[in-house]
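J.: Residue numbers (UniProt numbering): 1 to 294.
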């Protein structure tokens with residue numbers, strides 16, 4: 001019996017490859033068992049239309065080839081030919097995409113099983129860090145899937161939504177009443193709208209949604225929420241720039257003035273001093289939030 005797409009998408013290495021996981025985090029030791037899965041996913045039209053970064057794929061395939069040689073495995077001709085083909089196109093400037101498989105809702109249709117996100121290949125691009133997905137954003141996405149009852153029928157606002165992975169996942173899987181993606185940067189919002197459009201082609205969004213340019217520095221921007229109060233405010237990886245702590249905490253304070261609004265933040269603890277400074281700024285505003293670390 002041949003390999004099915006469900007088999008392929010349940011494979012750990014395929015999932016890691018699809019979202020361009022750092023090679024150092026991938027176990028290539030038993031690679032001979034994985035090659036057929038990787039070749040199957042590489043040849044899929046979805047990855048031709050929305051490709052991963054070419055340089056990442058070539059490095060991934062090179063790591064496979066080296067490991068197979070070290071293991072004494074017979075090298076697969078199709079794999080080597082694909083590697084040679086891609087080396088010649090490493091200068092391809094994109095755009096590039098990542099494909100996230102969150103949870104176990106998998107079908108034999110690849111397009112129905114992944115969330116596709118266009119991302120920048122640079123950490124800082126066009127003056128913002130919001131054009132790539134961060135670990136805390138992935139953690140927030142997974143948290144939403146595990147806590148669908150908390151999001152169901154809620155009006156949700158996401159601060160610093162970035163490329164949109166968390167929000168798109170919530171809209172597809174958690175049935176909020178409404179979801180507002182907000183960010184201050186126009187380039188981020190343009191990429192977000194593109195990502196929503198891609199995923200709407202293959203998935204049903206189970207709620208109303210909007211994309212809104214929102215600056216934490218300008219409290220006037222928040223007046224749009226005076227008549228309609230969110231039930232839940234979400235954010236991921238917004239705690240890294242201490243020059244933005246005052247406006248961010250003021251924004252969080254604004255939302256907690258409505259006693260029924262809950263705030264949930266996910267962040268990656270990179271620097272304990274930055275985290276301590278954020279908590280100090282937050283305590284001055286008397287803001288009560290749920291804070292999760294990745």
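Backbone N, C-alpha and C fix where the C-beta goes; we use that ideal spot for every residue, glycine too.
Return the Cβ separation of residue 177 and residue 207 in integer angstroms, given the expectation that the two are a contact with Cβ distance under 8 Å.
T.: Rounded, the Cβ-Cβ distance is 6 Å, consistent with contact.
J.: Measuring CB to CB, does residue 233 end up less than 8 Å from residue 268?
T.: No; because the gap between Cβ atoms is not below 8 Å, this pair is not in contact.
J.: Taking all protein chains shown into account, decide if residue 94 is buried (16 or more other Cβ within 10 angstroms of its Cβ) or exposed.
T.: Looking at its Cβ environment, which holds fewer than 16 other Cβ atoms inside 10 Å, residue 94 is exposed.
J.: Would you list the residues sitting across from residue 157 in a DSSP beta bridge?
T.: Paired residue(s): 180 and 233.
J.: Give every residue of the same chain whose Cβ lies closer than 6 Å to the Cβ of residue 126, excluding the five residues on either side of it in the sequence, and list them in chain order.
T.: Note that residue 126 scores a pLDDT of 43, beneath 50, so its modelled location is shaky; the value from the coordinates is reported in the next line. Once the five neighbours on either side are set aside, the close Cβ partners of residue 126 are 187.
J.: What do you get for residue 118, buried or exposed, if any count of 16 or more other CB atoms within 10 angstroms of its CB means buried?
T.: By the neighbour-count rule (16 or more Cβ atoms within 10 Å), residue 118 is buried.
J.: Could you check whether residue 198 and residue 274 sit closer than 8 Å to each other, using their CB atoms as the reference points?
T.: No; because the gap between Cβ atoms is not below 8 Å, this pair is not in contact.
J.: Who are the Cβ neighbours of residue 103 in its own chain at under 6 Å, not counting the five residues just before and after it?
T.: So the list reads 145, once near-sequence residues are dropped.
J.: On the CB-based measure, 16 or more other CB atoms within 10 Å of its CB, does residue 236 come out buried or exposed?
T.: Buried, because 16 or more other Cβ atoms sit within 10 Å of the Cβ of residue 236.
J.: Using the DSSP secondary-structure output, state which residues sit across from residue 98 in a beta bridge.
T.: Paired residues: 117.
J.: Given a threshold of 16 other Cβ atoms within 10 Å of its Cβ, counted over all protein chains shown, does residue 81 qualify as buried or as exposed?
T.: Its Cβ having fewer than 16 others within 10 Å, residue 81 is exposed.
J.: Within 8 Å, do at least three Cβ pairs link the segment 5-12 to the segment 46-58?
T.: Taking 8 Å as the limit for Cβ pairs, the verdict is that the segment 5-12 does not touch the segment 46-58.
J.: In the DSSP output, which residue or residues are listed as bridge partners for residue 209?
T.: According to DSSP, which records beta bridges pairwise, residue 209 is partnered with 179.
J.: Can you tell me whether residue 266 is helix, strand or coil according to DSSP?
T.: DSSP places residue 266 in strand when its eight states are reduced to three.
J.: Relative to the C-alpha of residue 16, which candidate in 2, 65, 257 and 57 has its C-alpha closest?
T.: Residue 16 has its Cα closest to that of 57, out of 2, 65, 257 and 57.
J.: According to DSSP, is residue 290 part of a helix, a strand, or is it coil?
T.: Correct three-state label for residue 290: strand.
J.: Taking only beta-carbon positions, decide if residue 238 is within less than 8 Å of chain B.
T.: Within the model displayed, chain B is absent; a lone protein chain is all it includes.
J.: Put residue 142 into one of helix, strand or coil per three-state DSSP.
T.: Note: residue 142 maps to helix in three-state DSSP.
J.: Going by CA-CA distance only, name the one from 98, 135, 159 and 109 that's closest to residue 222.
T.: The residue with the shortest Cα to Cα distance from residue 222 is 159.
J.: What is the DSSP secondary structure of residue 58, reduced to helix, strand or coil?
T.: In the structure shown, residue 58 sits in a helix (DSSP, three-state: H, G or I).
J.: Given a cut-off of 8 Å on the beta-carbon distance, is the pair residue 162 and residue 196 in contact?
T.: No; because the gap between Cβ atoms is not below 8 Å, this pair is not in contact.
J.: Please report the residue range of the alpha helix (DSSP H) in which residue 173 lies.
T.: Counting along the chain, the alpha helix (DSSP H) containing residue 173 begins and ends at 165-173.
J.: Note down the Cα distance separating residue 307 from residue 155, rounded to an integer number of angstroms.
T.: For residue 307 there is no data in the structure shown, the boundaries of the chain being 1 and 294.
J.: Grab me the residues of residue 124's own chain with a C-beta within less than 8 Å of its C-beta, minus the 5 sequence neighbours each way, in chain order.
T.: Reliability of the predicted coordinates at residue 124 is poor, the pLDDT of 40 falling under 50, and the value obtained from them is presented with this limitation in mind. None.
J.: Assuming the contact rule is C-beta atoms closer than 8 Å, residue 140 and residue 166 should be a hit. Round their C-beta distance to whole Å, please.
T.: So it is a contact: roughly 4 Å between Cβ atoms.
J.: Using three-state DSSP, classify residue 221 as helix, strand or coil.
T.: Correct three-state label for residue 221: helix.
J.: If you check the beta carbons only, do residue 31 and residue 67 fall under 8 Å apart?
T.: Yes; because the gap between Cβ atoms is below 8 Å, this pair is in contact.
J.: Quick check: the Cα distance between residue 40 and residue 216, rounded to an integer number of angstroms?
T.: Whole-angstrom Cα-Cα distance: 45 Å.
J.: Do you know offhand how far residue 205's Cα is from residue 173's?
T.: In a straight line, the C-alpha of residue 205 is about 8 Å away from that of residue 173.
J.: Give the straight-line distance between the Cα atoms of residue 194 and residue 97, rounded to the nearest whole angstrom.
T.: Residue 194 and residue 97: Cα-Cα distance of roughly 11 Å.
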